[in-house]
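Peer 1:
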Amino acid sequence: MDHSQQNGHDHHHHGGPAPTEGKDPVCGMPVTEQSEHRAHYRGSTYFFCSAHCRSKFLSHPGQYVAVPAEGSPSEEVAGAGHEHHHHHHGHMPAVVETPTAQPAMNGATLYTCPMHPEIRQDHPGNCPKCGMTLEPVIPELEEDENPELKDFQRRFWWTLPLTVVVTVLAMFGHELSWLEIQTQTWVELILSLPIVLWAGAPFFMRGADSLRLRSPNMWTLIGLGTGAAFLYSVVATLAPQVFPASFISMGRVAVYFEAAAVIISLTLLGQVLELKARSQTSAAIKSLLGLAPKTARRIRADGSDEDVPLSHVHVGDLLRIRPGEKVPVDGVVTEGSSSVDESMLTGEPIPVTKRLGDRLIGATLNTSGAMVMRSERVGSATVLSQIVQMVAQAQRSRAPMQRMADVVAAYFVTAVVAIALLTLLAWGLFGPEPRWVYGLINAVAVLIIACPCALGLATPMSIMVATGRGATHGVLFRDAAAIENLRKIDTLIIDKTGTLTEGKPVFDKAVAAAGFTESEILQLAASLDQGSEHPLADAIVQAARKQHLPLVAPEQFDSGSGIGVSGAVGGRRLMLGNATWMLQGNIDLQELSSQAEALRREGASVMQLAVDGRLAGLLAVSDPIKASTPEALATLKAAGLRIVMATGDGNTTAQAVGARLGIDEVHGEVKPEDKLALVSRLQAGGRVVAMAGDGINDAPALAKADVGIAMGTGTDVAMNSAQLTLVKGDLRGIAVARQLSEATVRNMKQNLAFAFLYNALGIPVAAGVLYPLTGWLLSPLIAALAMSFSSASVIGNALRLRSRG
């Protein structure tokens, strides 16, 4: 959730001239060079009103700028910023990738391989390692159907009738008395040419790439197998005399056009099914993208409203949100109040009340009241956009298990080619007549059935489905390794403030010393605290306002380094703060010391108020425990986790909260470096540690832990350091994430076991090992069918994760 790296989202409109005519070249809105959205093109700098316009310009600069004469220098497009969600077909000019965590390349769609996420390029194509079709890193909402899927469907359906005819001729042609056997061979050749040369072209190209790049993969096997069967058959048709007599059966040299044709048709079918299933795995991201409204109602300077596209909303704009409408972008309520349903992002079913100054998240639903908001984060800086990017990044990352499968697959292909050659030689030298025909057919069957596509898909499919599923439950995994590791944790370190508790202090009670009343203590403390930024001060001021106590502006105010404040109210000298602050002012705290200790034992923070040099009373402020915390801790303990609490709060308060929640181990007054040391100490003792926190002070420990868990309600720094983010900051999410982790790893193991087992059984049968015993041989047709089914079953098994509760 990388807000810290968002630069360039301050797009106020300024009138006045800019270097290039003062207008956005795309939409014509007035802009100045203060705009962060800019691009350099053919030696000029252009400025834009929004990232959306900049993105359109970058995809086709020639449309918006007068095209220079022939012979001008080649296009150069560059510029900072990292917007995405704009799909451009055709080859974009290469652009330098910005060094951020965001999977976008200057307005263009980035493409990556489902199996090898390190492959990144700015135009569609095939993976240089495994030959798979590259996919957009972040799927488009308005995206047309995958162009590769359309292409394969066309190739499949146009050539399917030819494949059927070739197969029927091969099987039953000899029974047709009117068709000469030589003529039949030529008919098969002519019908199978378009199948092999046109429909199978993508496969041969991928196979050739795999050899050229020395990266053996499934296409190496398919290309070799079908190529061998087809070329052999062509030679047998054109020059049958080169073959020995043993090759002739039923009046001709045996040809295998139908084998090549059927394998290509079945592989196309397999690819079509696989591409369709893979498009379902991005459904989670598409449903998240679909949450954002398309337009916003902006308030003009004269107070009237206008509907503008979401991409034209800028930081600082005032937007009106009517009942039943979605909040367009992230920002703050400036007038009105309402209940907002945030369940689509946080999973929290109860609508949250929003008043003046409260934060709103884009894409959440305004239920009852009308509000005006000021936008603060737009485009790719919004929470929704960050979540989409995080999910996309996690879906594309590789599980440690996948790395193992990849290494195995490369050796595996090489071994399979060797087995196919051995099969050819063994049958050719020692088999029954026609020996070399048997040898060739069995070698082709080995190449086809051993295709490792099921092996390559086994783990990425599970990861993609699981991360999408997690996102809809408010659980964001940063990468595949986090999903694999989460199930291994046995110790959970939790920060108290904001994680176990609400993180918003609430005034508890005032205790007055002799000669003062409780409301007087609260009124004086709140009057003095009006000038303080501290959250405890805010709790006291809010409580006084709620009791309608008249607050007086302090005549002087001085803040004492976070331990207290002092000043003058109504001519009286006041000091408010903790015991250390009071001792600095030589205030005697004896009178109320027992009450103060009792309040601390209940988990409250206690502040003393002194008036004109003597103790006047105490104010207790506490941070209430989240309603979901006890249930979450009970679930985690039942799962066998040891819970450790580490907090910067005082020891007495920490022990009180720990005792109330039944936590095994409590550490109070902990500094950030102590949290880091605690993680290291537990890890050194052989424990697998997860750390949950929400603050900047938790970031080092989150990064060091085996799995860092950030609260989505906390700081960006915490989220950047963690591998798992709980959007709604509810610890119950950890239990959900852990169950998902276990289910996913189980699913990946099933997929890998299936793929390995299938290949281990298929290869010997195809090689003809069982022939001497049972007379079994596996024809290349059956091998191709089995190969398609193995991939389909792996994808089907992964999609089961979607329906898990």
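For any residue, its number in the working numbering is found by taking its place in the sequence shown, counting from 1, and adding 3. Each residue gets a CB set at the ideal place from its N, CA and C atoms; glycine is no exception. Computed from a prediction, not measured in an experiment: that's the story for all the values here.
1. Classify Trp584 as buried or exposed, calling it buried when 16 or more other Cβ atoms lie within 10 Å of its own Cβ.
2. Which runs of the beta strand (DSSP E), 3 residues or longer, sit entirely within the region 156 to 198?
3. What is the rounded straight-line gap between the Cα of Ala107 and the Cα of Ala453?
4. Could I get the ranges of all uninterrupted beta strand (DSSP E) runs contained in the region 483 to 533, with 3 residues as the minimum, in chain order?
5. Would you report the Cα separation of Lys499 and Val478, rounded to the nearest angstrom?
6. Three or more C-beta pairs closer than 8 Å, one from the region 677 to 695 and one from the region 485 to 504: is that the case here?
7. Just verifying my parser: in three-state terms, what is the DSSP assignment at Met32?
8. Output the boundary residues of the beta strand (DSSP E) element that contains Met118.
9. Can you list the alpha helix (DSSP H) stretches of 4 or more residues lying completely in the region 757 to 787, in chain order?
10. Considering Met814, what are the terminal residues of the alpha helix (DSSP H) in which it resides?
11. Let's see if you can read the secondary structure: which residues bound the beta strand (DSSP E) around Val311?
12. Could you tell me which of Glu191, Ser236, Val168, Asp27 sits nearest to Val256, measuring between CA atoms?
13. The beta strand (DSSP E) with Met221 in it runs from where to where?
14. Arg481 and Gln396 - do their beta-carbons sit closer together than 9 Å?
15. Between the C-alpha atoms of His87 and Arg57, what's the straight-line distance to the nearest angstrom?
16. Apply the 10 Å Cβ neighbour rule to Met118 and answer buried if 16 or more other Cβ atoms are within range, or exposed otherwise.
17. Taking all protein chains shown into account, decide if His315 is buried (16 or more other Cβ within 10 angstroms of its Cβ) or exposed.
18. Report yes if the C-beta distance between Gln156 and Leu137 is below 9 Å; otherwise report no.
19. Starting from Arg803, trace the beta strand (DSSP E) in both directions and tell me its first and last residue.
20. Tell me the residue span of the beta strand (DSSP E) that contains Ser340.
21. Taking the alpha-carbon of Thr166 as reference, which of Val265, Ser180, His177 has the nearest alpha-carbon?
22. Applying the 10 Å Cβ sphere with the 16-neighbour rule, what's the burial state of Phe433?
23. Quick check: the region 624 to 639 against the region 667 to 678, are at least 3 beta-carbon pairs closer than 8 Å?
24. Name the DSSP beta bridge partners of Asp561, please?
25. Per the DSSP calculation, Arg323 is bridged to which residue(s)?
26. Please determine, among Ile141, Leu503, Pro331, the residue with the shortest C-alpha to C-alpha distance to Leu734.
27. Please list the terminal residues of the continuous alpha helix (DSSP H) segment that includes Ala637.
28. With DSSP collapsed to three states, give me the class of Pro106.
29. DSSP state of Tyr67, grouped into three classes?
30. With distances taken between CB atoms, is the gap from Pro219 to Val420 smaller than 9 Å?
31. Where DSSP assigns a beta bridge to Thr112, which residues make up the other side?
32. What is the rounded straight-line gap between the Cα of Ala725 and the Cα of Ala713?
33. Please look up how many angstroms separate the CB atoms of Trp181 and Phe206, rounded, as I've assumed it's under 8 Å.
34. Per DSSP, what kind of secondary structure is Met751 in: helix, strand or coil?
35. If you check the beta carbons only, do Glu594 and Ala517 fall under 9 Å apart?
36. Can you look up Val647 in the DSSP assignment and give me helix, strand or coil?
Peer 2: Checking against the coordinates, here is how it stands:
1. Per the 10 Å Cβ criterion, buried.
2. Here no run is fully enclosed.
3. Reliability of the predicted coordinates at Ala107 is poor, the pLDDT of 39 falling under 50, and the value obtained from them is presented with this limitation in mind. Cα atoms of Ala107 and Ala453: separation of roughly 37 Å, rounded to the nearest angstrom.
4. Counting whole runs of 3 or more residues, the region 483 to 533 contains the beta strand (DSSP E) stretches 494 to 497, 509 to 515.
5. In a straight line, the C-alpha of Lys499 is about 20 Å away from that of Val478.
6. Taking a contact to require three or more Cβ pairs closer than 8 Å, the region 677 to 695 and the region 485 to 504 qualify as touching.
7. Of the three classes helix, strand and coil, the one that applies to Met32 here is coil, per DSSP.
8. Neither: Met118 is in no beta strand (DSSP E) and is coded neither H nor E.
9. Every alpha helix (DSSP H) of 4 residues or more that sits fully in the region 757 to 787 is shown, in chain order, as 774 to 777.
10. Any property of residue 814 remains undetermined from this structure, which presents the chain solely from 4 to 808.
11. Boundaries of the beta strand (DSSP E) harbouring Val311: 308 to 312, taken from the DSSP string.
12. Per the C-alpha coordinates, the member of Glu191, Ser236, Val168, Asp27 positioned closest to Val256 is Ser236.
13. Note, Met221: premise wrong, no beta strand (DSSP E); alpha helix (DSSP H) at 221 to 241.
14. In contact: Gln396 and Arg481 (Cβ atoms closer than 9 Å).
15. Confidence in His87 is poor, its pLDDT being 37 and thus under 50, which makes the residue's placement unreliable; the coordinate value appears in the next sentence. Roughly 11 Å separates the two Cα atoms.
16. That one is buried.
17. Its Cβ being crowded by 16 or more others within 10 Å, His315 is buried.
18. Not closer than 9 Å, so no.
19. Annotation for Arg803: no beta strand (DSSP E) segment contains it, and DSSP assigns it neither H nor E.
20. In the DSSP annotation of this structure, Ser340 is not part of any beta strand (DSSP E), being labelled neither H nor E.
21. Nearest C-alpha to Thr166: Val265.
22. It counts as exposed.
23. Result no; under three Cβ-Cβ pairs closer than 8 Å.
24. Beta-bridge pairing links Asp561 to Ser569.
25. Paired residues: Arg300, Val375.
26. Residue Leu503 is the option with its Cα nearest to Leu734.
27. For Ala637, the uninterrupted alpha helix (DSSP H) segment begins and ends at 632 to 641.
28. Residue confidence for Pro106 is low, a pLDDT of 38 falling below 50, so the modelled location carries little weight and cannot support an answer.
29. Of the three classes helix, strand and coil, the one that applies to Tyr67 here is helix, per DSSP.
30. It is a contact, given that the beta carbons lie within the stated cut-off.
31. Partner residues in a beta bridge of Thr112, as assigned by DSSP, do not exist.
32. The alpha-carbon atoms of Ala725 and Ala713 are separated by roughly 6 Å.
33. Not confirmed; about 36 Å, so no contact.
34. Collapsing the DSSP output to three states places Met751 in a helix.
35. The answer is yes: Cβ separation under 9 Å.
36. Here Val647 sits in strand by DSSP.
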